[in-house]
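Protein chains in written order, with the numbering used here: chain Y, 1 to 97; chain E, 98 to 194; chain G, 195 to 644; chain S, 645 to 1094; chain R, 1095 to 1475; chain P, 1476 to 1856.
So the structure is just underneath, and the comments pick up after that.
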Amino acid sequence: MDAIYLLFILMLSIFLGFEIISKVPATLHTPLMSGANAISGITLVGAVTSAGAELGGTATFLGALAVIFATVNVVGGYMVTDRMLGMFRKKPAGAAK
Amino acid sequence: MDAIYLLFILMLSIFLGFEIISKVPATLHTPLMSGANAISGITLVGAVTSAGAELGGTATFLGALAVIFATVNVVGGYMVTDRMLGMFRKKPAGAAK
Amino acid sequence: MINVVYVIAAALFIFGLKMLGSPDSAKRGNLLSSVGMLIAVLATLFDQQILSYTWIVVCVIIGSGIGAYAARTVQMTGMPEMVALFNGSGGIASLLVGWAALYHADISAFVAFTVLLSIVIGGVTFTGSLIAWGKLSEKMPSKAIVFNSQRLVNGALIAAILILGIMFCNNPSVSSPVLILIILLSLAFGIMAVIPIGGADMPVVISLLNSYSGLAACAAGFAIDNNILIVAGALVGSAGIILTNIMCKAMNRSLGHVLFSGFSAVKQSTKVIEGEVKPISVDDAYLILEAAGNVMFVPGYGMAVAQAQHAVRELGELLEKNGCEVSYAIHPVAGRMPGHMNVLLAEANVSYDQLIEMDDANPRMDMVDVAIVIGANDVVNPAANEDDTSPIYGMPVIEVPRARTVFVLKRSMAAGFSGVDNPLFFGENTRMIFGDAKATITGLVAEFKG
Amino acid sequence: MINVVYVIAAALFIFGLKMLGSPDSAKRGNLLSSVGMLIAVLATLFDQQILSYTWIVVCVIIGSGIGAYAARTVQMTGMPEMVALFNGSGGIASLLVGWAALYHADISAFVAFTVLLSIVIGGVTFTGSLIAWGKLSEKMPSKAIVFNSQRLVNGALIAAILILGIMFCNNPSVSSPVLILIILLSLAFGIMAVIPIGGADMPVVISLLNSYSGLAACAAGFAIDNNILIVAGALVGSAGIILTNIMCKAMNRSLGHVLFSGFSAVKQSTKVIEGEVKPISVDDAYLILEAAGNVMFVPGYGMAVAQAQHAVRELGELLEKNGCEVSYAIHPVAGRMPGHMNVLLAEANVSYDQLIEMDDANPRMDMVDVAIVIGANDVVNPAANEDDTSPIYGMPVIEVPRARTVFVLKRSMAAGFSGVDNPLFFGENTRMIFGDAKATITGLVAEFKG
Amino acid sequence: MLIGVPKEKYAGELRCPLIPQSIKRMCAAGAKVTVEKGLGSHSGYADAEYSDAGATVSDDHDAIIANSDMLLRLRKPELDDVKNFKKGCIHVSYLDPFNERELVDALAKQGVSAISMEMIPRTTRAQKMDALSSQANLAGYVMVILAAHKLNKILPMMMTPAGTISPARVFVIGAGVAGLQAIATAKRLGARVEAFDTRAVVAEQVQSLGAKFVEIDLGETGQTKDGYAMALTEEQVALQKEGQKKVIAQSDIVITTAQLFGRKAPVIVTKDMIEAMQPGSVVVDMAVGSGGNVEGSKPGKTVKVKGVSIIGVDNLPAEVCRNASEMYSSNLFNLVDEFWDKEGDDGFVLNREDDIIQGCLITHDGAVVNEQIKNHYENQG
Amino acid sequence: MLIGVPKEKYAGELRCPLIPQSIKRMCAAGAKVTVEKGLGSHSGYADAEYSDAGATVSDDHDAIIANSDMLLRLRKPELDDVKNFKKGCIHVSYLDPFNERELVDALAKQGVSAISMEMIPRTTRAQKMDALSSQANLAGYVMVILAAHKLNKILPMMMTPAGTISPARVFVIGAGVAGLQAIATAKRLGARVEAFDTRAVVAEQVQSLGAKFVEIDLGETGQTKDGYAMALTEEQVALQKEGQKKVIAQSDIVITTAQLFGRKAPVIVTKDMIEAMQPGSVVVDMAVGSGGNVEGSKPGKTVKVKGVSIIGVDNLPAEVCRNASEMYSSNLFNLVDEFWDKEGDDGFVLNREDDIIQGCLITHDGAVVNEQIKNHYENQG
Ligand SMILES: NC(=O)c1ccc[n+]([C@@H]2O[C@H](COP(=O)([O-])OP(=O)(O)OC[C@H]3O[C@@H](n4cnc5c(N)ncnc54)[C@H](OP(=O)(O)O)[C@@H]3O)[C@@H](O)[C@H]2O)c1
Ligand SMILES: NC(=O)c1ccc[n+]([C@@H]2O[C@H](COP(=O)([O-])OP(=O)(O)OC[C@H]3O[C@@H](n4cnc5c(N)ncnc54)[C@H](OP(=O)(O)O)[C@@H]3O)[C@@H](O)[C@H]2O)c1
Ligand SMILES: NC(=O)c1ccc[n+]([C@@H]2O[C@H](COP(=O)([O-])OP(=O)(O)OC[C@H]3O[C@@H](n4cnc5c(N)ncnc54)[C@H](O)[C@@H]3O)[C@@H](O)[C@H]2O)c1
Ligand SMILES: NC(=O)c1ccc[n+]([C@@H]2O[C@H](COP(=O)([O-])OP(=O)(O)OC[C@H]3O[C@@H](n4cnc5c(N)ncnc54)[C@H](O)[C@@H]3O)[C@@H](O)[C@H]2O)c1
């Protein structure tokens, strides 16, 4: 039964994903990509769970590794995106002249 | 736990609902409305379940009634929409001149 | 298994709705969603532990019969009220489903709550739709029915429903009279909510109720935890709201006003005081133009200043493509030199045949849906006819106020060349679109193309 | 409780992504989604039955440290490769999570399957991203690395992964060597998939891998059934695909080509045969123009026939607003009478300063990103320079082929006045936009405004 | 009410005050109209058309002016006709009252109610009777055509196989009604147009026609309530000359429309400026009639200075007499119609309260009644 | 190589064959250029400019024609100059070879290689030397200006306080280079423009300028490979007349540009059509030089028929001599430059293979070499 709910959620999320990204100005391609990438770092949550749930050495170790990588992705991703957008801020002013 | 899944589903569906309807030409307002209305006839499924699941006279009776009304909504809704769109078919040709 | 079918059905509904939104895919969209419905229902019939088919089959047949007959026989003009009826039956259905759900063995407070939701919303939708139908089909006076204690009554109704609702949730039971009371109250509320709305607004109301019935279905879904009901219901619910909003704008009313008309109606009916400026956004203006069948441009000096002539011509062409009649009414003194408008419009390739002189324009005015005043002021100033103290009194002007809607494109409330204030800006059917005329028109063009 | 937080987080992600799509809301969007992430993580930390914090905290700190440092220090030019790296770490994380999930007590075939998915996709993403990073940062030759047996190897890899996968699902166990094998193979495949793609395409590849990593997370979500992972993963996955598609078009490459470059690369590298006409849709053309910094219009008789001058001027203005440099190159014999183009462009109010003669246009050509040939033919016919048998040989022409991309707007492949065929239409960097020039331009204008 | 329309005697006046269409409408309103033979011949209106329209065509000039209760015409009456006017008759025409004191006094003496078309106030309401505007407008168009015809270049830009012809430069000084129309016409022909006017408000109007307004800071300048320009101070004139010299030097066509109603037109383009222009260039002086904006311009002549032609046509609207007559005619008709007694049959009623009449009525009951004019005469002493 | 440029003697010819800029470029290419005194005076080019450009200015006409290896000029040489030409010299100018047999024979006899500018082929490549086009183009513009100047109406539409002036109607017959430019110019001025041409292909070109093409079905009509029109059959001419009569009657301006290269121009607008027009209307006949498209048109004159003016200026480009000279000059330069020996210093090389030379070279080595012309003469017998 759970699987079904998950399926529903999956289906709806995919549709949403398609719907929300429509026309994106070229200047935003990279930031958007990296922003999305940061979100995909959500595995962090999974990692934390596995790392936390004492399943014996290896598992915990794997989880711990996962946590590191995931965090890099999340933190790095958001910060880099922010920087990009920050510098992009000024540009339109220049562009619009 | 179920409730949570349902909540997710609800949230996503609402978002989707908002996303998919954007700009609609005036000529389509009524058809779209009635098309959506037909979909809302989905209660039919619910009605069938209640009517089917022998919960004793009243319940079944209520269910049965529900089935009738819901079917009216569904069948009528879809057919009327189709008719509207049918006649609308020609119009643009005329309009476009 | 069945749930997989539901997932598919849901997907079909989503596609269906999306396609319904654009002319060339609409028909297919409707088909698609109907297929979704079909498989969903069939799956339910076969899979669920249905014990007695007989009833269901009979009911389905009856229902289909009625629905089909109604859909067939209604003539085009009657469609909207027909939709209202269908919508109503949807609402009552949800109400009944919710009610029936109570007969299940165990009822948590949560379930009870959702049941109540489906009952209340369903009930409101039902009676509301009936009234709407009545008004549209002139079975009852289509004008807004208003009485003073209205807001009181409505307030009371809501309060009562809330209190009873809480009571019920605390000890939910099928037999409790509270339930019956709630049902009756919601039905009553449905009536009260719609009667104060004028027939003109009915389409909006129906669309809104339609969105309600979606929510009702959604609530019912929670009650009998059935996810297809939730998905489909929620979809219709939210999509309905958006659609309602769009429709409101196309008829330029505010959604809020329609939503709470029941309460504000009395106030509203007297709200139309002279001297109130009504600005409007480009998007909203688009929705009105999109629905217009006859548009008259009235250019003035402002069009020249904004150098908007090219954009104007383009908007004109788009309107014509949209099946709308377009003309340009030129006032002899528009601009700052004789023939000022001619120079500009000729440069923009507006064909001479579309230009009409003031004397021909005024008689046509009553057929005009939207008169777009582009940076003109003195030449459309009603004071010239009405107020004999005005320095321009006696100058014939283009009588735009007689058009159904008037858009005035200018940057501020400033006066024109002659420095005379212009009552037109405060007119009942006048909408101001502030900002540079070219920017505004280009915006509208974009809306039409995008 | 925690799940409610997840719901909220999901909502935040959705808003975040949507806002990231438009310049003025992007920064807030990014913030929003980061907040979503934060609360999601915190909730997990506190709510889940976490037994040992120590590790986690340490790891989080390390990770944040690295991430923050990298993000800070990288200079603007290095951003894309940095994103590639982050993306890679995301991928490997999913792989590990999936792997770890196997240590749970019971593993159904379904779970095993989802675990595999997360491992394979995660692995591919990881190595793929590394290669991409290598190519972008010139740590390795950025040109496409191609060898003949490539398609074979790739085929083999996929087959192997499939077979092993099935084997594993039948009796899933942490210890089985099959697992290790699969992991290695996926990593290998990641490499194979990316090396044959040239550095120019890397941004697209990264965006694609990014969408993969989303799917990996989604799969992992199924593995440890955690719905926030599923929602977020699926969102990123689908959004990523769309974005990739958009980017492809902006660089006018086909997504299919990038997706399967691994297989078709060899063929592709020799595919650039002369004599192939490449039509392109208006939407795609828009994406290219939108990214262009210097556009040159080359009008001809066709613009006159289509009466497209007004639309052209408007497109020009929009491009300039978009921060792009716009010029109009006028060939002396363009049109059917001397000064034909001048008459039209003057009428459309194109300022004289933007008009440049052929002799000034040609030297600039190398700086031009897109040359838009509007219904011109003879005057841009390279044959006039190259082929001395051509009747127009010796006539100086506007050398559009030297622009980065050339759009040719005409209705057919028909020849121009002089009846000479035009090799330009088959040029490597030429894209034909068939149809009436006015319609096409108006379409582009719409894209820019809508 | 008897309306008489004598033929214009003035040499080279091709316009006619009334065209058949207007006469038809007047007759419909109940007027009896007599027109002099050959009234519209120059503008292509045959006597037959007039009689068809309901007018009596007579060749007896004296009878017409002697018997009519109202005389409608274009140019000012001949002085020796005045004594034959019927006492108390209403006479509508250009009068140039500021400079024609003798004539005005005669009219007053004769007890004629003389309305001067120049004096119609420049209010929005009165525009339909404003002959100055309607004629100035046509003059604006004509000036450009004359210049284009005279110039040994073409106006538009052309990129041709035989090289590129750059657009001609046109500089319009004074952007009133005529100036604006000149700008518009030159723009239409594809010239690069620049313009200048002492009234800063006009800058926007110039740009609204797609032309460039030459910014010359003259400090404080003003305009009268009727939109007329005020005279400039010494140093302002100097400043303006300085600022314009450069522009004029590089212009192929210079058009001046700077008039100061009732007063002598200011000299704006001086000899040295003209000599700085390319040989073959053209200057058109609209104000040539009232003294001229251009040094050395001669009414009715085209003089050449160092290869530059200075066109001084003093009756520009007559160049397009057909339309000019139409315009003036409907100005007249609108005036008559505005004050025509619609109910009763008193015909044209001189409503002394009305601000239009107050503005344009010069003499009445044997006296000069117009304030402006009276002051002007008194100042002359 | 010695290039000589004698002054144009023809009365009323204001254009000059070469302007200083072109001469400068020729000299740069290594040519020695001698120009006759006062060459460009009419178009505003002083002798000084020529000498600055590198030319020797001489007032000895005979010396120039006697010594130059190449003579560049506008109009055909005077017959009695020919005998003084240096043997084997190259002479470039208009020649009108179809009608100037005597002159051509003389040139041949003298052993001159005569190039006729009219005979430059109408190929895309040759357009930069195509003087017919470059001059016809200007003529098209001039015709409209002349007409607008003559007309007693304005061209554009104007909705004014004094009523609406409807746009003038312009009908252009013959939409070649000149016709199209005329259409464009009239459109610019805001007129309602209609056009007709026997070559159906032109319809699209007319519409491409926003004008209306009058459909008259003449059945089969053709055009030569160079884009010239073929002569019409009797009944075709009749059909056309019929079809045009209506349009002409309601037009304010009629412009005819129908020439048939080398042959007498067809009479298209007949007396009866003109009489059907409104008095005051204007007809411009571009073909007046080669017989005239309009019945009763006279070269260099403006005749009035029933109030309709028929303008017959036979040298239209000269009206804008400045630009006309520029255009013709660069046509000449492009011709010379195309065949100039860039490597060695043989100067202008007569490449008999080249299709352009083949088209425009009339006489060479003492004989008439041009096929078309030869055939023409033989047919004359
Ligand atoms: N036709 C003639 O020969 C002539 C000659 C002289 C005077 N006049 C007088 O001029 C007047 C003509 O009437 P009209 O209605 O054409 O002009 P108007 O009464 O002067 O009104 C023009 C309006 O355009 C608006 N505007 C200016 N720039 C704009 C821009 N960029 N975008 C949008 N709106 C803009 C202004 O309002 P905002 O400032 O709020 O934007 C102004 O209220 C009459 O009074 C007439 O008597 C006519
Ligand atoms: N300038 C002059 O004085 C003059 C005079 C006479 C001849 N010519 C000759 O004309 C030629 C001018 O060259 P050009 O490049 O300007 O024109 P061109 O070579 O004739 O090419 C025009 C092109 O425009 C396309 N077209 C036509 N209508 C269109 C529409 N509605 N929308 C989009 N495309 C359309 C046509 O292709 P499709 O049919 O496929 O759409 C055609 O290939 C030269 O050969 C020149 O020698 C010039
Ligand atoms: N209210 C109305 O409806 C109405 C009607 C007609 C005219 N007007 C306005 O009246 C104004 C004057 O009209 P007009 O054309 O009869 O004016 P005008 O003929 O008296 O003068 C022509 C122009 O020359 C300018 N000028 C004067 N001295 C100058 C100098 N030294 N240098 C440069 N320019 C100089 C004036 O400012 C004016 O713009 C116009 O702006 C017109 O818009 C208003
Ligand atoms: N290939 C090139 O680059 C090039 C260069 C110059 C001109 N051309 C073409 O050559 C063609 C002729 O040019 P032109 O202006 O020298 O032609 P032209 O001067 O010989 O004739 C002018 C026009 O009159 C038309 N005409 C002839 N008899 C007519 C009649 N009885 N009724 C109505 N119209 C009649 C002709 O069709 C032609 O269009 C043009 O179409 C032009 O486009 C081509």
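Glycine included, every Cβ here is placed at the ideal spot set by N, Cα and C.
Quick caveat: nothing in here was measured; it's all calculated off a predicted structure.
query, result
"Could you tell me whether any Cβ in chain Y is nearer than 8 Å to the Cβ of Asn421(G)?", "yes"
"Between which two residues does the alpha helix (DSSP H) harbouring Asn1845(P) extend?", "From DSSP, Asn1845(P) is part of no alpha helix (DSSP H); its letter is neither H nor E."
"Measuring CB to CB, does Ile208(G) end up less than 8 Å from Leu437(G)?", "no"
"What residues of chain G sit near Phe166(E), judged by a beta carbon separation below 8 Å?", "Gly257, Ser283, Gly284, Ile286, Ala287, Leu290"
"Would the C-beta of Ser1591(P) count as close to ligand 4, meaning under 7 Å from any of its heavy atoms?", "no"
"Quick one: measure Cβ to Cβ for Leu1664(P) and Leu1630(P), integer angstroms, because I've assumed they're closer than 8 Å.", "4 Å"
"Lys1628(P) to Glu1102(R), Cα distance in whole Å?", "20 Å"
"Using a Cβ cut-off of 8 Å (strictly closer), state whether Lys443(G) contacts chain S.", "no"
"Determine, using beta-carbon pairs with one atom in the segment 1366-1381 of chain R and one in the segment 1394-1403 of chain R, whether at least three such pairs fall under 8 Å.", "yes"
"At least one CB of chain P closer than 8 Å to the CB of Ile839(S): is that the case?", "no"
"Measure the alpha-carbon distance for Ser1114(S) versus Tyr78(Y) and round it to whole angstroms.", "Nothing about residue 1114(S) can be read from this structure; chain S reaches only from 645 to 1094."
"Quick check: the Cα distance between Lys461(G) and Lys515(G), rounded to an integer number of angstroms?", "Residue confidence is low: Lys461(G) scores 39 on pLDDT, short of 50, so the model does not pin down where it sits. Its coordinate-derived value is still stated next. Those two C-alpha atoms are separated by around 41 Å."
"Can you round the beta-carbon distance between Leu423(G) and Val142(E) to whole angstroms, since I take them to be within the 8 Å contact cut?", "6 Å"
"DSSP on Gly1098(R), reduced to helix/strand/coil?", "strand"
"Determine the direct distance from the alpha carbon of Asp1459(R) to that of Leu1173(R), and round the result to whole angstroms.", "19 Å"
"May I ask you to list the residues that DSSP assigns as paired with Met1009(S)?", "Bridge partners of Met1009(S): none, in fact."
"Please list the partners that Ala205(G) has in chain Y, where partner means a Cβ-to-Cβ separation under 7 Å.", "Met11"
"Quick check on Lys329(G): buried or exposed, where buried means 16 or more other Cβ atoms within 10 Å of its Cβ?", "buried"
"In chain B, what lies closer than 9 Å to Leu7(Y) by C-beta?", "Protein chains Y, E, G, S, R and P are contained in the structure displayed, whereas chain B is not."
"Just confirm the distance between the C-beta atoms of Ala100(E) and Gly138(E), as a whole number of angstroms; I'd bet it's less than 8 Å.", "Not quite, the Cβ-Cβ distance comes to about 25 Å (not below 8 Å), so this is no contact."
"Please tell me whether, using a cut-off of 7 Å, the distance from the CB of Ala1653(P) to the nearest non-hydrogen atom of ligand 4 is below it.", "yes"
"Tell me the residue span of the beta strand (DSSP E) that contains Arg1357(R).", "It is not in any beta strand (DSSP E) - Arg1357(R) carries neither H nor E in the DSSP assignment."
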